[in-house]
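Here the structure comes first, spelled out in structure tokens, and everything after it is commentary.
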Amino acid sequence: LNEPSALIKRHETLLTLHTEDLSALHTTGMYEKSLGRYYAEDFSLNPIGRGAVLADVFARSLDGAVLESITNINGNILPAWNGDFTMLTEDIRNYTEGGYRVIVLAGTARASSSLANDLSDSDIPASLISKSMPEKGTVGVTVGSLSEGFEIPSMKLCVLTTHRDGKTVRKKRVKRDENAKAFGSLEDLRKGDLVVHSSHGIGMFDGIHRIDHHGFVRDYIKISYRGEDVLYVPVTQLDMISQYISPKDTENVKLAKLNSGEWNKTKAAVYRSVREMAHELIELYAKREQAAGVAFSEDGEWQQEFEARFPYDETAEQLKACEEIKGDMEKPRPMDRLLCGDVGVGKTEVALRAAFKCVADGYQCAVLVPTTILAWQHFNTFTERLGNLPVKIAMISRFSSAKEIREAVKGIRDGSVDIAIGTHRLIQKDINFKKLGLLVIDEEQRFGVKHKETLKEAFSGVDVLTLSATPIPRTLNMAMSGIRDMSVIEEPPLDRQPVMTYVLEYDGAIVNDAIKRELSRGGQVYFLHNRVESIERTAGRLREQFPDANIEIAHGQMEEDALSDVWKRLINGETDILVCTTIIETGVDVPNCNTLIVEDADKMGLSQLYQIRGRVGRSARRAYAYFTFRRDRVLTEVASKRLSAIRDFTSFGSGFRIAMRDLQIRGAGSVLSARQSGHMQAVGYDTYLKILSEAVDDEKGIERKPENPECTVDLSVNAYIPESYIADNESRIEMYKRVAAIENEEDRAEALAEFLDRFGEIPRCVTALCNVSLARVLGRKHAFYDVTSKEGGTVLFYTDRLDENAVRLFMRENERRVLYSARGKAYVSAGANEGETLDETALHFLVDYDALCEGVKGGEIGGFRTNS
2 LNEPSALIKR HETLLTLHTE DLSALHTTGM YEKSLGRYYA EDFSLNPIGR
52 GAVLADVFAR SLDGAVLESI TNINGNILPA WNGDFTMLTE DIRNYTEGGY
102 RVIVLAGTAR ASSSLANDLS DSDIPASLIS KSMPEKGTVG VTVGSLSEGF
152 EIPSMKLCVL TTHRDGKTVR KKRVKRDENA KAFGSLEDLR KGDLVVHSSH
202 GIGMFDGIHR IDHHGFVRDY IKISYRGEDV LYVPVTQLDM ISQYISPKDT
252 ENVKLAKLNS GEWNKTKAAV YRSVREMAHE LIELYAKREQ AAGVAFSEDG
302 EWQQEFEARF PYDETAEQLK ACEEIKGDME KPRPMDRLLC GDVGVGKTEV
352 ALRAAFKCVA DGYQCAVLVP TTILAWQHFN TFTERLGNLP VKIAMISRFS
402 SAKEIREAVK GIRDGSVDIA IGTHRLIQKD INFKKLGLLV IDEEQRFGVK
452 HKETLKEAFS GVDVLTLSAT PIPRTLNMAM SGIRDMSVIE EPPLDRQPVM
502 TYVLEYDGAI VNDAIKRELS RGGQVYFLHN RVESIERTAG RLREQFPDAN
552 IEIAHGQMEE DALSDVWKRL INGETDILVC TTIIETGVDV PNCNTLIVED
602 ADKMGLSQLY QIRGRVGRSA RRAYAYFTFR RDRVLTEVAS KRLSAIRDFT
652 SFGSGFRIAM RDLQIRGAGS VLSARQSGHM QAVGYDTYLK ILSEAVDDEK
702 GIERKPENPE CTVDLSVNAY IPESYIADNE SRIEMYKRVA AIENEEDRAE
752 ALAEFLDRFG EIPRCVTALC NVSLARVLGR KHAFYDVTSK EGGTVLFYTD
802 RLDENAVRLF MRENERRVLY SARGKAYVSA GANEGETLDE TALHFLVDYD
852 ALCEGVKGGE IGGFRTNS
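For the sequence shown, our numbering begins at 2 and goes up steadily by one.
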């Protein structure tokens with residue numbers, strides 16, 4: 002039995018649903034004789050008998066099950082290769098030098114042969130294998146794929162996979178990428194999880210089911226609703242489903258009832274409240290637009306030269322944020338912009354460019370930070386970056402001497418100081434700026450409400466740029482467009498590598514090896530021990546094991562001056578190992594710290610672990626994080642789920658999606674208001690954001706184009722991904738999601754290329770699936786609501802929003818046999834050309850029709866006027 006504790010939990014959930022169904026049937030007077038046989042009320046592992054093997058990732062309580070023996074296999078999940086060949090060879094060398102046998106699963110036979118040759122050319126002992134094991138210290142490349150790689154240290158065995166990211170790296174079009182984000186968390190779904198269907202509401206995910214309909218096979222997502230209601234959603238409509246995520250616990254969420262109208266009533270109530278909030282925010286925004294402020298001049302040569310001196314490549318989102326902020330500064334009203342982004346995405350550089358723009362125009366800039374050490378680090382960063390330019394920077398904090406503070410206060414008053422960096426000391430009454438133009442507030446989430454109110458009074462009429470480390474979802478930013486000025490940076494710097502993340506029982510040998518490896522490459526280590534009363538003993542133990550290392554301690558009960566000195570020595574590279582509590586969660590940037598050891602990780606929250614892990618991997622060097630729990634500890638259900646999730650936190654694109662969602666919801670709450678969290682609970686996070694966007698548009702008087710009805714494609718073809726082609730369930734959902742994101746011919750071609758690249762020759766049913774997915778999108782775009790089979794071709798039924806003139810033109814211009822009828826149930830009939838399957842007939846008609854409509858719209862086909 003795989004994960005028996007999860008089976009027990011699943012039984013409890015099903016029993017609750019079963020009881021609700023019985024109550025509903027009893028109310029209606031209906032009864033099914035065999036209902037009593039559906040579920041056992043008492044479920045125990047003991048009656049299963051001898052010879053049963055219970056497999057679980059973590060040791061957990063098993064409701065009194067008697068175990069004959071426990072075997073511990075200490076293995077670690079490894080992150081998938083991200084397409085960077087240099088990083089792959091570096092990782093492989095680490096293993097082969099340690100005497101490991103390394104197996105690399107490269108997908109197809111062609112990819113295996115190519116990779117084996119590339120590794121051999123890089124002086125790595127690699128060969129193609131089929132059923133044999135490679136020798137110790139060598140690499141075997143073979144056909145196959147897994148959702149993740151793994152290592153088993155006791156066997157000196159490592160299996161790497163190119164399954165997820167080792168495919169050919171292509172530039173993704175932003176439009177499709179954004180579309181995919183709407184349902185990006187679906188690959189995390191497990192049976193019993195809650196989902197939201199955009200038309201039918203909150204239900205329970207019950208897996209992917211294959212249905213044979215008149216001899217033709219397709220896959221459907223099964224969603225269970227209240228009572229005995231069940232909805233089967235074609236996998237090509239995955240974009241209509243999102244995982245239910247809410248600021249509160251999901252235990253007591255009420256499932257929707259199909260065809261009851263209650264889902265629409267709930268959405269309408271949320272819309273009314275959100276519209277009211279949008280009205281208030283728009284009024285506030287309009288008032289601010291009328292206020293008088295500083296209008297900075299456009300970028301000059303100095304600004305361009307300063308930005309060109311940045312030694313790294315900016316990300317597209319960094320550049321966009323810079324343009325948005327500088328655009329605000331050039332307007333005559335005071336700027337009030339929030340810049341949101343995760344730790345390490347480059348917010349400081351954006352703030353630096355804004356500060357320089359302010360100074361270049363003859364104004365002063367104040368940078369307000371919550372802690373002394375952050376002030377010191379910003380002072381160093383600003384000083385280094387502004388280098389030889391005639392800009393005077395002063396710092397006011399506890400690191401400054403009395404004389405330095407006196408000189409800084411005088412310089413701020415007479416205007417000789419251009420940029421002042423400091424803690425809340427900057428807003429005390431003796432600080433008077435001569436000509437303040439810009440206030441930058443860093444980590445605003447760490448300032449209290451009282452401090453924020455003082456700031457508003459002290460700096461009225463001044464441009465304000467607020468930096469927040471709590472990530473805000475891009476979808477919320479778009480929804481709030483025009484009522485709250487926000488810039489969002491999500492993508493990491495271009496050279497940033499994902500952190501190698503391990504979850505394991507505490508093993509002294511593995512931990513010591515990790516520390517030795519980091520110290521041997523000149524790096525530094527965070528060792529997190531979250532108990533102040535025993536932190537000295539832990540540091541003492543490490544001093545015995547690493548006598549040559551400089552080991553220091555940091556925790557929240559230390560005096561601020563002493564703590565600041567510890568941080569200073571760490572940043573300067575004087576400390577090799579910092580034994581600390583969770584105080585590092587809000588620490589500073591130490592790019593040379595690239596190994597993190599966390600004891601008792603099961604006692605910490607998911608988001609907290611994610612933010613702590615963000616302390617390493619702040620440079621181009623590979624970083625490592627070890628989340629450990631005590632040997633022989635029986636973990637709670639919550640702790641094991643948390644660690645299972647952490648185990649997947651290996652890449653920027655997908656690894657941290659669960660914790661990011663949690664943090665984003667917090668971020669959404671800070672931007673919106675507490676009263677809105679109840680509405681988010683009622684409809685789920687994604688649906689709430691969609692309603693918010695609609696309410697804001699309506700309040701601003703923006704006319705929303707009416708949406709065409711959903712298009713159903715029901716053709717007599719097999720359209721699914723067989724298990725014989727992709728065995729792994731998570732990978733199959735991932736690829737179904739990829740297919741559902743198809744929006745045009747280019748997307749379809751890329752999806753098929755990805756199937757071929759990763760899984761080999763494409764079965765006909767997978768090609769048909771991609772064709773059906775695109776046919777659905779194009780059908781809806783042009784007001785067709787049903788595409789079905791008929792003898793010799795396909796029939797496409799349409800609404801009154803179809804452009805009939807375009808159909809007539811299509812019939813005139815196209816050789817395909819096309820009929821159309823506007824009477825009764827209006828339809829267009831497309832005949833099949835020789836050798837076409839039904840999905841190809843429907844797709845070719847829609848692609849050609851779409852090209853004609855786009856050509857008419859673009860003026861490429863002259864002398865014809867369509868309805869549009």
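Even for Gly, the Cβ is constructed at its ideal location relative to N, Cα and C. All values derive from a computational prediction rather than experimental measurement.
Counting along the chain, V231 sits inside the beta strand (DSSP E) bounded by residues V231 to P235. When only Cα atoms are considered, I572 and N531 end up about 21 Å apart.
Annotated as distal: L505 and N95, with beta-carbon spacing of 8 Å or more. Taken in chain order, the complete beta strand (DSSP E) segments of 3 or more residues contained in the segment 703 to 785 are 713 to 715. For the segment 522 to 594, the continuous beta strand (DSSP E) assignments of 3+ residues that do not extend past its boundaries occur at 525 to 529, 552 to 555 and 578 to 581, in sequence order. For the beta strand (DSSP E) assignment, the uninterrupted runs of no fewer than 3 residues enclosed by the segment 103 to 136 are, from N- to C-terminal side, 127 to 129. Inter-residue distance for A602 and A626 is about 11 Å (C-alpha atoms, whole angstroms). When beta bridges are read from the DSSP output, H214 appears opposite F217. V67 sits in coil when the DSSP states are folded into three classes, being neither helix nor strand. Contact check for F547 and I578: beta-carbon distance about 7 Å, within the 8 Å limit, so the pair qualifies.
In this structure, the straight-line span from the alpha carbon of Y786 to that of G780 is close to 7 Å. For Y364, the secondary structure class from DSSP, reduced to helix, strand or coil, is coil. In the three-state reduction of the DSSP assignment, M156 falls in the helix class. For I422, the enclosing beta strand (DSSP E) covers residues I420 to G423.
Exclusion of the five residues before and after A257 leaves H201, G202, I203, G204, Y226, R227, E263 and W264 as the residues of its chain whose Cβ lies within less than 7 Å of its Cβ. Fewer than three Cβ pairs drawn from the segment 388 to 398 and the segment 343 to 352 lie within less than 8 Å of each other, which leaves the two stretches out of contact. Of the residues H280, E325, K332 and V500, the one whose Cα lies closest to the Cα of C341 is E325.
A distance below 8 Å separates the beta carbons of Y527 and I585. In this structure, the alpha-carbon of T583 lies about 39 Å from that of L239. Straight through space, the alpha carbons of P764 and L106 are spaced by roughly 21 Å. In the structure shown, L190 falls within a coil segment according to DSSP collapsed to helix, strand and coil. Per DSSP, T629 lies in no alpha helix (DSSP H) segment; the continuous beta strand (DSSP E) that holds it begins and ends at Y625 to F630. When only Cα atoms are considered, L55 and A720 end up about 36 Å apart. For V410, the enclosing alpha helix (DSSP H) begins and ends at A403 to D415.
Per the C-alpha coordinates, the member of G145, E405 and V773 positioned closest to A112 is G145. Taken through DSSP and simplified to helix, strand or coil, A831 comes out as strand.
Contact between V788 and L775 fails: their C-beta atoms lie close to 11 Å from each other, not under 8 Å. Rounded to the nearest whole angstrom, the CA to CA distance from G138 to G761 is 29 Å.
Note on G836: under 16 other CB atoms within 10 angstroms of its CB, so exposed under the neighbour-count rule. Counted as a single uninterrupted DSSP element, the alpha helix (DSSP H) harbouring Y286 occupies residues E263 to Q291. Here L716 is not near A831, since their CB atoms are 8 Å or more apart. Inter-residue distance for L2 and S131 is about 29 Å (C-alpha atoms, whole angstroms). Taking C-beta separations shorter than 6 Å and ignoring five residues to either side along the sequence, the partners of C854 in its chain run A807, following chain order.
Approximately 6 Å separates the beta-carbon atoms of K358 and F297; this is inside 8 Å, confirming the contact.
The shortest CA-to-CA distance from D840 to any of L803, E695, Y828 and S790 is the one to S790. With a beta-carbon spacing of about 19 Å, S565 and P592 fall beyond the 8 Å limit used to define contacts.
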